[in-house]
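The block underneath contains the structure these notes are about, expressed in structure tokens.
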Amino acid sequence: LELHRVTLEIKDINDNAPSFPHKEMHLEISESASKGARFSVDEAVDPDSGVNSVQGYTLSANEHFTVAVHTSAETGKYADIILENDLDRESQDHHILILTAYDGGSPPKSGTVVIHVRVMDVNDNKPVFTQTVYKVSVPENAPLDAVVVAVSATDADEGINGDITYEFSHISMRAKSIFSIDQKTGEIKLKGPMDFEDTSSFEMRVKAKDGAGQAASCKVIVDVTDINDNAPVIFIKSLKTPFPENEPSGSEVAVIYVQDKDTESSGKVKCFIKQNTPFKLSLSIKNHFSLITTEKLDRERESEYNITITATDEGSPPLTSSKSLKVIVGDVNDNPPLFEKQSYSAYLTENNKPGSTICSVTARDPDWRQNGSVFYSLVPGEIGGLSVSSFLSINGDTGVISAVRTFDYEQYKKLTVKIMARDNGSPALSSNVTLRVFIADENDNSPQILYPAPQENSIMTEVVPKGALSGSLVSKVIAVDADSGQNAWLSYSIVKATDAGLFTIGVHSGEIRTQRDISESDLMKQSLIIAVRDNGQPSLSTTCAVHLVISDNLAEITDLKYANHEQDSSRLTLYLIIALVSVSTFFLTFIILILTVKFCQSKKPRLLFDTAVAIPSTHFPPTYAEMEGPGTLRSSYNYDTYLSTGSRTSDFKFLASYKENMLSADHTLRKTSTDMISLSGECLSGESSEV
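Heads up, the sequence shown is in this note's numbering, so the first residue is 315 and it goes up one at a time.
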């Protein structure tokens, strides 16, 4: 066996074309890449060899890239892409290049690959607004969340570099509370109410910012459109209150200002008041009105007025507002006090107590406070020569009238005075009224006997003829009463008589007549005790003695008179002695008793106090002061005393003689203080009479 090395050389022919590993290639190149930058690409492969292998590369025509071919001992020919000009993604962000690899065969063969060049973005562009100034008009009553305006900006960059967000760059606090902006869309919306009267225009700046922080701004102007959303507001600039009632008609009471924040026709206002008051509104200057009177006011008729002022604007629809104004009418002292009656009458019973109330008067003054404060007083004058104030007094505040003194009907039957009511205004006003006080009679006067009237040192005796028949007029008792009315109606009666069935007296006439024919058996001396009684309540009475002698012989009458006088004188002396002794004894006993009590009290005051023994004090009879006023009978003149020893033939009578037998000018009977003792004839013992 022989082994031989045989070398067989196969001669290559160009039967293969160059080819790239991938049909397409992708390159990402930043647009900020500098000129001359090289970018590697895949090399082409040709299985041929020698000249039939890859001999070079060509690049399709373009303005940014070129190709550079390199030779490597290991790999052969390979190429690089060279950047000839700056890229701008915003101009062209994608480039398509065709790289061709060719061999040296004949004919030559080639292979191509598509190179996709994507230009990577760089944040080299700012956002740009579509408008530099946005200006819109929005009504002030636009609803919340309404879109006012939408701003828009663009950025040539892409990706995060082109993502734009919006925000306010300059905005007032007021606008910030009203407007909001959508960061993504740029829509500006209302988040709070707008008020044209507060701010009529808003100006703000909006910034658009991309992801890399580049920003741009624009101006947004929002004009608020006025609508009639404000009612007029009424202000009282000045008010004269209280307003004097004596101001003339047409006087200014108040100045009123009406404000409407709206504009144009919505801000024009009209003002008026109701016509049922004595006031009217007069336009002064723009939106200023004067409230003036249309007539003179009267506080007493109307003390205050509630005035409603109404203001209306000319908007569509019109808005209205009202305000109440109180005008107090100031009082002026223009009314005098007026009494409730044109005259007053009052009645007062005589013998009243001083200080007792008679009546009260009332006067009304429609004025106010001190102008309406009424004070009462008596108009100075005289009654019977004496001042009015000595009779009556009046309470200045209440008008209560009181008696100052005790009145006597027999002296004053009627008093007429004038009362003045005065207010406390300046100047003071007053008015008068007449008061008539009628004194009512009281039964305070006993009847007084005018006949039979005692004569000095004797008692009148009537003579009755023995032949007098039944019904014959024997005598007449005449009496008067200082009272009036029923208090002065007198009635007569016989209370005692020597012979009860012999004489009778007329109840109202006082005439004494025989009740039967006088007989021989009748006593010569007859005495009658006549009681005179008035009709008052309680009734008062007085008595008198009527002495009658039945005889036709004058000598018998004279002898009887002297005998009786001597008997009465002796009996009277005895009575006087007994009375004097009795009074003296009583007085001495009384003095001794008083001294004893005083002595015991001074010696044992502690014993009396410790034992709490009540020692009764001695009772003294009250002392009565005599009233010396006119119209009453003095007490010293009102008593006749009868003393008797029981004998029918020796009675004595103490009588006060009358100085005058007629009534005095003041309707009273006056007596002298001198007593006389005279023979009274046969009288009943133990009887007394008050005159």
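Backbone N, C-alpha and C fix where the C-beta goes; we use that ideal spot for every residue, glycine too. This one's a predicted model, so the numbers in the text were calculated from it and none came from an experiment.
Suppose the cutoff is 6 Å on Cβ atoms and the five residues either side in sequence are ignored; what does the same chain contact list for residue i look like?
i	result
Arg613	Glu559, Val643 and Asp645
Pro546	Val572, Asp574, Val583, Ala625, Asp627 and Ser635
Ile548	Val572, Ile623, Ala625 and Lys637
Pro761	Ala793, Asp795, Leu804, Val846, Asp848 and Thr856
Lys449	Ile535
Lys533	Val447 and Arg519
Lys503	Asp459, Val461 and Ser494
Asn709	none
Figure out for me which residue from the options has the closest Cα to the Cα of residue i.
i	options	result
Asn647	Thr624, Gln684, Ile832 and Ile905	Gln684
Val572	Asp627, Thr720 and Glu561	Asp627
Ser515	Asp471, Thr479 and Ser451	Ser451
Asp362	His384, Glu377, Gly785 and Gly390	Gly390
Ser420	Ala331, Pro680 and Leu700	Ala331
Phe586	Pro556, Val567, Arg615 and Ile621	Ile621
Leu743	Gly473, Tyr726 and Phe689	Phe689
Pro562	Ala529, Val569 and Leu611	Leu611
Val442	Phe334, Ile324, Val381 and Ala522	Ala522
Gly473	Met434, Gly581 and Lys533	Met434
Val447	Ser466, Cys914, Gln369 and Ser674	Ser466
Gly564	Lys533, Phe549 and Thr608	Thr608
Gly669	Ser704, Thr775, Ser687 and Trp682	Ser704
Leu397	Glu404, Tyr765, Val381 and Lys337	Val381
Ser386	His378, Ile715, Glu357 and Arg403	Glu357
Ile429	Thr372, Asn475 and Leu862	Thr372
Leu816	Ser898, Thr591, Lys780 and Thr887	Lys780
His378	Asn867, His408 and Thr555	His408
Thr730	Asn709, Tyr658 and Leu458	Tyr658
Asp524	Lys498, Pro507, Leu504 and Met518	Lys498
Ala460	Asn439, Lys325, Ser483 and Lys505	Lys505
Arg678	Ser691, Lys655 and Ile697	Lys655
Ala456	Thr899, Thr910, Ile541 and Arg319	Ile541
Thr591	Glu616, Tyr480, Ser580 and Asn601	Glu616
Pro335	Thr321, Glu323, Ser486 and Val359	Val359
When the distance is taken between beta carbons, is residue j closer than 9 Å to residue i?
i	j	result
Ser707	Val718	yes
Ser807	Asn849	no
Ile792	Ile819	no
Ser745	Phe603	no
Val436	Ser348	no
Asp394	Phe353	yes
Lys732	Gly699	no
Ser509	Glu578	In the sequence on display, residue 509 carries Asp and not Ser. Their beta carbons are not under 9 Å apart, which means Asp509 does not touch Glu578 by this criterion.
Gly418	Asn475	no
Asp477	Glu404	no
Lys337	Val427	yes
Thr720	Asn666	yes
Arg432	His340	yes
Gly257	Ser346	Residue 257 lies beyond the range of the chain shown here (315 to 1005); nothing can be said about it.
For residue i, would you say it is in contact with chain B, using Cβ-to-Cβ distances shorter than 9 Å as the test?
i	result
Thr775	Of the chains in the structure shown, none is chain B; there is only one protein chain.
Given residue i, which residues of its chain have a CB within under 8 Å of its CB, disregarding the five upstream and five downstream residues?
i	result
Pro852	Asn757
Ala754	Tyr661, Leu662, Thr663, Glu664 and Tyr723
Phe923	Only weak support exists for where Phe923 lies, its pLDDT of 35 falling under 50; the coordinates are left without a value.
Lys728	Arg750, Val751, Phe752 and Ile753
Thr812	Leu837, Lys839, Gln840, Ser841, Leu842 and Glu996
Any heavy atom of the ligand NAD closer than 8 Å to the CB of residue i?
i	result
Ile864	Judged by which ligands are present, the structure shown has none, so any question about the ligand NAD falls away.
Just checking my contact of residue i with residue j at CB under 8 Å: how many whole Å lie between their CB atoms?
i	j	result
Val567	Ile606	6 Å
Gly364	Tyr416	That belief does not hold up - the Cβ atoms of Gly364 and Tyr416 are roughly 14 Å apart, past 8 Å.
Lys594	Ile570	That belief does not hold up - the Cβ atoms of Lys594 and Ile570 are roughly 12 Å apart, past 8 Å.
Lys680	Asp737	The sequence shown places Pro at residue 680, rather than the Lys named in the question. Incorrect: roughly 10 Å between the Cβ atoms, too far for contact.
Val641	Thr555	6 Å
Thr671	Val714	6 Å
Gly629	Asp576	6 Å
Met734	Ser691	5 Å
Once you ignore the five residues that flank residue i on each side, which residues in its own chain have a CB closer than 7 Å to its CB?
i	result
Ile864	Val778, Lys780, Ile832, Asp836, Met838 and Gln840
Asn439	Glu404, Asp469, Ala470 and Asp471
Ile844	Val791, Tyr806, Ile808, Ile819, Thr857, Cys858 and Val860
Inter-stretch contact (C-beta, 8 Å, three-pair minimum) for the region 524-542 and the region 618-625 | no
So does the region 792-807 actually touch the region 832-840, counting three or more Cβ pairs closer than 8 Å?
-> no
Any contact of the region 823-831 with the region 781-793, i.e. 3+ C-beta pairs under 8 Å?
-> yes
Is it a yes or a no for the region 489-496 touching the region 402-413, going by three-plus beta-carbon pairs under 8 Å?
-> No, the region 489-496 does not touch the region 402-413.
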